[in-house]
Amino acid sequence: MAANSETQVRKRMRRNGRQGTGNGRYAHIVGWGIEVPERVLSNDEIERMVETSDEWIRDRTGIAERRIADERDTTATLGLRAARKALTQANLSPRDLDLIIVATSSPTHLFPATANTIQDKLGASRAGAFDLLAACTGFIYAVSLAAAHIEAGMANAVLVIGTETLSRILDWQDRSTCILFGDGAGAFVLCASETPGGVRASVLHSDGSGGDHLYARSGVRTSWNGPPTEQSLVMNGQEVFRFASRVMAQATEEVLEQAGLAIDDVDVIIPHQANIRIIQAAARGLKLPMDRFFVNIERYGNTSTASIPIAVVEAVEQGQLKSNDRLVLVGFGAGLTWGAMLIEWDVVPSARSYLQDALRESWYILAHVRSMVRRLLRVLEAIFWKQPRDTQHRATRLPDDKEQTD
Ligand code: UT7
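For the sequence shown, my numbering assigns the number 30 to the initial residue and increments by one for each residue that follows.
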């Protein structure tokens, strides 16, 4: 290819970003659901754990309380319950799903992926499933990928979940981080449609040079014979704050330019809920009043990949996000990563059918039976399939694969 035309192609790619394929397929959000643990951890309680105060936390972050998962829950069980609600809202069966993407920063295991556990528990027997790691920007990355799959004709229905048990990777002695984060989950179901609308544009960014400002080692040793590593989250709050205050407005402007829209064409902006002062900085950068932003950080803190879907669902429930509204989602996180997405929220909740609800519930019971049968067949296979003794492997349950799903 000649140098000139290559440059033109690059320019065109940059201008277009991910705006659909133009093949008449659109990715619409047809279902949504959230799950937050019951246990509320207030600032007053944290005051008794580290040297801090309710006043400092509220002033510097906007957070009053957050939810903490109890020991019966995992990242997978929270995500599973959010997913079931989203499927009910969409009035779809798990077997309609082609793909499950779980965005998480706090998976129970390095592998298998949380998405595989959820796929099994849902009985989504036709779906591929994987986890995506882009920290707090993960939900925007995952919805963008889901929409691209649908537009390209590779999937008709995709489940996207953001789910976290961040309380398990926090250092509860570190007052600069333990005050910020909380647990929870949110899910979207995206479906193919020929009607224009749904996910219209997205921008995704990364700057790995800032990776050391926010990380969690998650048990990976520095060498094969090195000592076990810290699992806790480590953060340089001021660096992340500066970066976030800059990129939130930038990414919003970028996605609007890509969609050919102005800021006044947008009805609601739902930002990642990390710190009220970061959202205020974004509002200043965009010269918008705060009432154009949906904020619920006061009650949940920063739930990483779950923060945006939890906020979207609450905005719908409170009537702040309505049918035919134009919505911008914008977020940032470790990586460093950041991104934004423009969505036409042209959704009309599908009519609930009690028969469908009952069938879905029966399907979940069948999924449980199916999973047990598959485990049993694997045991039988191991008995009857005579393998050389030294390569035999004894299958055990995952250590933290909790049975509780409701
Ligand atoms: O999804 C992405 C996740 N991360 C973020 O979004 C984090 C972004 N950063 C932030 O939200 C803020 O930087 C923090 C909330 C973490 C910290 O707020 P800050 O206004 O940047 O405080 P600072 O780090 O500049 O610290 C100011 C003072 C320090 O004391 P000295 O050195 O001035 O005496 C800190 O030791 O506040 C102290 N401090 C606290 N005091 C009471 C830090 N944490 C606390 C605390 N309670 N919890």
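Virtual Cβ for every residue (Gly too), placed ideally from N, Cα, C.
- In this structure the segment 345-352 does not touch the segment 109-125; the number of beta carbon pairs closer than 8 Å is below three.
- With a cutoff of 8 Å on beta-carbon distance, residue 191 and residue 273 are scored as not near each other.
- Under the criterion of beta carbons closer than 8 Å, residue 193 and residue 106 do not qualify as touching, at roughly 12 Å.
- Put simply, the segment 396-406 does not touch the segment 266-284. Fewer than three CB pairs are less than 8 Å apart.
- In the structure shown, the three-state DSSP call for residue 252 is coil.
- Taking all protein chains in view, the Cβ of residue 196 is crowded by 16 or more other Cβ atoms within 10 Å, so the residue is classified as buried.
- When the five nearest sequence neighbours on each side are left out, the beta carbons in the same chain lying within less than 8 Å of the beta carbon of residue 73 are those of 83, in order along the chain.
- The same chain holds no residue with a CB closer than 8 Å to that of residue 252 once the five nearest residues on each side in sequence are set aside.
- A distance criterion of 7 Å places the beta-carbon of residue 266 in contact range of the ligand UT7, judged by its closest non-hydrogen atom.
- The C-alpha of residue 57 is placed about 35 Å away from the C-alpha of residue 238.
- DSSP places residue 91 outside both helix and strand once states are collapsed to three, so it counts as coil.
- Cα atoms of residue 396 and residue 369: separation of roughly 36 Å, rounded to the nearest angstrom.
- Selection 101, 135 and 71 evaluated against residue 245 yields 135 as nearest (Cα-Cα).
- Listed in chain order, the non-local C-beta contacts of residue 308 below 7 Å within the same chain comprise 300, 322 and 324, local neighbours out to five positions each way being set aside.
- Cβ contact annotation for residue 372 (same chain, cutoff 6 Å, sequence separation greater than five): 228 and 356, in chain order.
- Set against 7 Å, the gap from the CB of residue 205 to the closest heavy atom of the ligand UT7 is smaller.
- Distance from the Cα of residue 337 is smallest, within the candidate group 87, 91, 127 and 165, for 165.
- When the Cα atoms are used, residue 241 and residue 249 turn out to be separated by approximately 16 Å.
- Taking the CA atoms as reference points, residue 318 sits about 17 Å from residue 304.
- When distances are taken from the beta-carbon of residue 209 to the heavy atoms of the ligand UT7, the shortest one is below 7 Å.
- For secondary structure counted as the alpha helix (DSSP H) over 4 or more consecutive residues, the segment 59-141 holds these complete runs in sequence order: 72-76, 83-90 and 104-119.
- In terms of Cα proximity to residue 226, the closest of 54, 414 and 77 is 54.
- For residue 149, the enclosing alpha helix (DSSP H) starts and ends at 143-151.
- With respect to residue 187, residue 127 sits close: the two C-beta atoms are nearer than 8 Å.
- Out of 335, 289 and 124, the CA that lies nearest to the CA of residue 153 is found in 124.
- With fewer than 16 other CB atoms across the displayed protein chains lying within 10 angstroms of its CB, residue 139 is exposed.
- Listed in chain order, the non-local C-beta contacts of residue 89 below 8 Å within the same chain comprise 304 and 306, local neighbours out to five positions each way being set aside.
- In this chain, the beta strand (DSSP E) harbouring residue 299 covers 297-300.
- Along the segment 181-223, the alpha helix (DSSP H) occurs as fully enclosed runs of 4 or more residues at 204-207, listed in sequence order.
- The C-beta separation of residue 212 from residue 98 comes to about 4 Å, placing the pair in contact by the 8 Å criterion.
- Between the beta-carbon of residue 61 and that of residue 115 there is about 5 Å, and that keeps the pair under the 8 Å contact cut.
- Taking C-alpha positions only, residue 214 is separated from residue 100 by approximately 16 Å.
- In its chain, beyond the 5 residues on either side, 132, 133 and 134 have a beta carbon closer than 8 Å to the beta carbon of residue 162.
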